[in-house]
Amino acid sequence: KAGVTQTPRYLIKTRGQQVTLSCSPISGHRSVSWYQQTPGQGLQFLFEYFSETQRNKGNFPGRFSGRQFSNSRSEMNVSTLELGDSALYLCASSPGTGGGVETQYFGPGTRLLVL
Amino acid sequence: AQSVTQLDSQVPVFEEAPVELRCNYSSSVSVYLFWYVQYPNQGLQLLLKYLSGSTLVKGINGFEAEFNKSQTSFHLRKPSVHISDTAEYFCAVSDSGSARQLTFGSGTQLTVLP
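Residue numbers (the numbering used here), protein chains in the order written: chain A, 1290 to 1404; chain B, 322 to 435.
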């Protein structure tokens, strides 16, 4: 099975712009979670989508949003970019249908640099 | 709320020596514990996980970890490291209430020296 794929791998934007990142989960996985990784704050949970609905949300401002399509692919959008949004954005997928904990499988990430 | 503490931010060790990376967690409910590894410019790869059952968990690349409920620890060990083990290691926790939301520690950079 192919792993989790993320596009683009690298991105440079300027302050005030908006950006959209894409994630394709492992085939058959219906849950997609997003994480932000920065040197200062480490790895932080952004949100999780399942069946096109946001099921769980971390503590990030409303500038961070996402969506999921019927084929389980997910996009994450950040509006009005700030310098502090520079980070590695990681996407993880899991089956999503289990009642308990599921192992998450991570993609290679999108590295965003905001100038 | 749950939290994870990785006690060492950097661990240098010579090749073929044993290593232990320490992880402590806090949670008011039953937890599930994970170790992930991140190589430079890559995403996270699952090393091993503890969900239930035996407290000694074996993972990939010769790593193992022991879940100790009384000490709320989940330390990662390898009896003999290789240069290729140089990477950052993250301990993570989740619970049944937030099954797909991982809380990560701050990471431990393992550097294996020749």
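Using N, Cα and C, we set each Cβ at its ideal position, and we do this for glycine too. Bear in mind the structure is a predicted one, so any value in this text is a computation, not a measurement.
Bridge partners for residue i per DSSP, in chain order?
{"i": "B/P333", "result": "B/T432"}
{"i": "A/N1366", "result": "A/T1309, A/S1354"}
{"i": "A/V1321", "result": "A/Y1338, A/S1382"}
{"i": "B/V350", "result": "BP columns for B/V350 are empty, so no partner."}
{"i": "A/Q1295", "result": "A/C1312"}
{"i": "A/G1331", "result": "A/T1327"}
Which first and last residues belong to the beta strand (DSSP E) in which residue i is found?
{"i": "B/A386", "result": "385–389"}
{"i": "A/L1372", "result": "It is not in any beta strand (DSSP E) - A/L1372 carries neither H nor E in the DSSP assignment."}
{"i": "A/S1305", "result": "Note on residue identity: the sequence assigns Gly, not Ser, to residue 1305 of chain A. First-last for A/G1305: undefined, no H or E at that position."}
{"i": "A/T1399", "result": "1399–1403"}
{"i": "B/Q366", "result": "365–371"}
{"i": "B/T326", "result": "324–327"}
{"i": "B/R398", "result": "394–399"}
In whole angstroms, what separates the C-alpha of residue i from that of residue j?
{"i": "B/H403", "j": "B/K379", "result": "18 Å"}
{"i": "B/P435", "j": "B/P339", "result": "14 Å"}
{"i": "B/S348", "j": "B/S324", "result": "7 Å"}
{"i": "A/A1376", "j": "B/K390", "result": "34 Å"}
{"i": "A/Y1338", "j": "A/G1355", "result": "8 Å"}
{"i": "B/N362", "j": "A/Y1299", "result": "11 Å"}
Would a C-beta distance cut-off of 8 Å place residue i and residue j closer than the cut-off?
{"i": "B/F384", "j": "B/L354", "result": "no"}
{"i": "A/R1319", "j": "A/T1399", "result": "no"}
{"i": "B/L343", "j": "B/L367", "result": "According to the sequence as given, residue 343 of chain B is Arg; it is not Leu. It is not a contact, given that the beta carbons lie outside the stated cut-off."}
{"i": "A/S1361", "j": "A/V1321", "result": "yes"}
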